[in-house]
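Below is one structure; the comments refer to it alone.
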Amino acid sequence: MLSGHGIVNVNDKATVRSVVGNDTINSDYRHSQGSSSRNQYDWDSDDDLEVFGMPQESNVHSVEESGSTCSSAKNSKLIHHFLGMGFSVEEVIKAIEEDGEDNEENILETLLTLAATIDDPMREAFREPCDFAKKSVTTIDISDDNDDYDISDSEIEEDAFTSEKDETLSILVNMGYPFKEALIAIDKCGPGADLSDLADFICAAQLEKEIESHLQDRPNRIHDTSLHVHKRALPTTRKWWPKWDRRTQLNCLLTSIGAATVTEKIRRDLEECGAETPPPNVQDTVLKLCKKWNLVWVGKNKVATLEPDEYEMLLGFPKDHTRGGGISRTDRYKALGNAFQVDTVAYHLSVLKDQYPNGVNVLSLFSGIGGAEVALHRLGIKLKNVVSAEISEVNRNILRCWWEQTEQRGNLFEVEDVQRVTSEHISHWINRFGGFDLVIGGSPCNNLSGSNRVSRDGLDGEHSSLFYEYYRIVNEVMQAQR
DNA sequence: GACACTCGGATAGAGGCG
DNA sequence: CGCCTCTATCCGAGTGTC
1 MLSGHGIVNV NDKATVRSVV GNDTINSDYR HSQGSSSRNQ YDWDSDDDLE VFGMPQESNV
61 HSVEESGSTC SSAKNSKLIH HFLGMGFSVE EVIKAIEEDG EDNEENILET LLTLAATIDD
121 PMREAFREPC DFAKKSVTTI DISDDNDDYD ISDSEIEEDA FTSEKDETLS ILVNMGYPFK
181 EALIAIDKCG PGADLSDLAD FICAAQLEKE IESHLQDRPN RIHDTSLHVH KRALPTTRKW
241 WPKWDRRTQL NCLLTSIGAA TVTEKIRRDL EECGAETPPP NVQDTVLKLC KKWNLVWVGK
301 NKVATLEPDE YEMLLGFPKD HTRGGGISRT DRYKALGNAF QVDTVAYHLS VLKDQYPNGV
361 NVLSLFSGIG GAEVALHRLG IKLKNVVSAE ISEVNRNILR CWWEQTEQRG NLFEVEDVQR
421 VTSEHISHWI NRFGGFDLVI GGSPCNNLSG SNRVSRDGLD GEHSSLFYEY YRIVNEVMQA
481 QR
């Protein structure tokens, strides 16, 4: 789901990283540097709305917190802040009671400790043993009818920090995952499992749990533990999934979806067969279309395209992230089809959590709907200043809405076009913020995509040539911060 | 060599507006 | 009624894998 995206930690040349597909070049995420001196940031500064005196001032906007000092409002914001990181209301309230409202770091530590000590219903999500190490993010079964995997708190405590698990466990916790979920993931995937698989395991279990919670009141729940990947991520499809459709994963989520005529053709073909198991030639035809368009089963002989909400879930974005605000379904598909997979980006950026305990200044190029920002937030990394360059007004609106909804305390500055980001702008920002800690972005790949029959012109194509702008800006930032 | 997959683009048609 | 915008639908060749 990622391709051609770059992530550069500009203060640590040794950990400059590039992401292509799901592979990581130089992925020594354990490597950790000391904190930067520029982390001394004045959170109470009141001069954040200044517009930098850029040549195109109207293209730069700033969004910041109102700065309310009302205790209850602050408390509410704190709760929302930590809820957004995946903790429960009870945990957050308890942590705030223990640490007070003024020290978020202590609250976060308490929350992580709580997650490691209280009884956690997440274990329910991990009962069916299977090999997750080679599967994707949507591979968790959460069936309730298999009790062969269960561990007690005492077992967890005894088993917690032993040799090989220790380091992996601490890394996962530092990435923002609850202790117990991390421990269960290690137990299920094996001590030698790759961290990305462990992260996938935890995220998928959280996703499943959320979906299941919405379905609890429904009658006739289906508990088929034999079903596979996407049927687990999309449990409402379980009931209708035919045995002869043995797909275990979905294809890349693209910017367009299958037409209604495709699903109608499938329904008609299957109904004409009449049999429970259609003849092989019909199966082949149907499966090809299902694979091509990521169709899932939603009724007898009835397939459907994924909804934008399901795109959001699978990509790790908050529910309704791209919904509303005058945004059409088509635009949602387009925006989501081009977006980062948040869990994957969070995995790659997790190394920054220790390096920048006071938060980061980010230059986000081709921001899209803010996958990088969401990932950093999810990791609990404060966003001090984010300069976001995004050509699409729809996408800028989505990111700005998310910024306000999650009550970010830092500053968001918007730029329309990366081509208009000059070295003067970069110098101004660096002087202003004390430097960027992270440059991240995914330049357009329209002209690189195999799906493009019309203008696959490579890196010299109209859109994909913006890669060179990314390269230029990264170089200018690194040179300016030498 | 057969097969599967692809961060897409062009366009007809619906709908809004004056 | 004409123009414009927006949306949904249809369109396949290049490339990698087995």
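Just so it is clear: in the first sequence, position 80 is 80 by the UniProt record's numbering, and no numbers are missing. We put the beta carbon where it would ideally sit given N, CA and C, even for glycine.
Cβ contact annotation for LEU270 (same chain, cutoff 8 Å, sequence separation greater than five): PRO278, VAL282, VAL286, ASN301, in chain order.
In summary, GLU181 is buried, with 16 or more beta-carbon neighbours lying within 10 Å of its beta-carbon over all protein chains present.
Residue environment analysis places VAL387 among the buried positions, since at least 16 neighbouring C-beta atoms fall within 10 angstroms of its C-beta. A residue is called buried once 16 or more other Cβ atoms fall within 10 Å of its Cβ, and ASN431, having fewer, is exposed. In the displayed model, TRP297 falls within a strand according to three-state DSSP. LYS288 is classed as exposed because its beta carbon has fewer than 16 other beta carbons within 10 Å across all chains shown. Only exposed fits TRP244, as fewer than 16 other CB atoms lie within 10 angstroms of its CB. Listed in chain order, the alpha helix (DSSP H) runs fully inside the region 309-362 are 329-337, 342-349, 352-355, counting runs of at least 4 residues.
In the structure shown, ALA375 adopts helical secondary structure according to DSSP, grouped into three states. Taken through DSSP and simplified to helix, strand or coil, SER392 comes out as coil. For the pair SER367 and LEU399, the CB atoms are nearer than the 8 Å cut-off. The Cβ neighbour count for CYS189, taken over all protein chains shown within 10 Å, is at least 16; the residue is labelled buried. The straight-line gap separating the alpha-carbon atoms of GLY370 and ASN385 is approximately 14 Å.
In terms of Cβ geometry, THR344 and TRP297 do not form a close pair [threshold 8 Å]. For ALA193, no pairing in a beta bridge is given by DSSP. Checking the DSSP bridge columns, you'll see GLU414 partnered with SER388. Taking C-beta atoms as the reference points, GLU312 and LEU234 fail to come closer than 8 Å. Put simply, the backbone Cα of LYS265 is about 40 Å away from that of LEU466. As the crow flies, the alpha-carbon of ALA480 is around 45 Å from that of ASN294. Cα atoms of GLY380 and LYS353: separation of roughly 8 Å, rounded to the nearest angstrom. In the displayed model, LEU383 falls within a strand according to three-state DSSP. Ranked by how close their Cα comes to the Cα of LEU254, the residues LEU349, HIS348, GLY337 have GLY337 in first place. Secondary structure note for ALA304: its beta strand (DSSP E) is the uninterrupted segment 302-304.
It is roughly 28 Å from the alpha-carbon of PRO308 to the alpha-carbon of PRO178. Straight-line spacing of the CA atoms in VAL374 and VAL342 works out to 7 Å. CA-CA distance, ASN446 to ASN452, rounds to 7 Å. Looking at VAL262, ASN395, SER455, GLY359, the one whose alpha-carbon comes closest to that of HIS321 is ASN395. Contact annotation, ASP437 with ASN361: C-beta distance approximately 5 Å; criterion of less than 8 Å satisfied. When rounded, the separation of the alpha-carbon atoms in ILE96 and PRO318 is 24 Å. The criterion of a C-beta distance shorter than 8 Å is not satisfied by ALA372 and ILE327. Taking ARG267 as the centre and dropping the five residues before and after it, the same chain places the C-beta of ASN301, LYS302, VAL303 closer than 8 Å to its C-beta, in chain order. Collapsing the DSSP output to three states places CYS401 in a helix. Annotated three-state conformation of ALA182 is helix, per DSSP. In terms of Cα proximity to PRO444, the closest of GLU98, PHE433, HIS428, TYR471 is TYR471.
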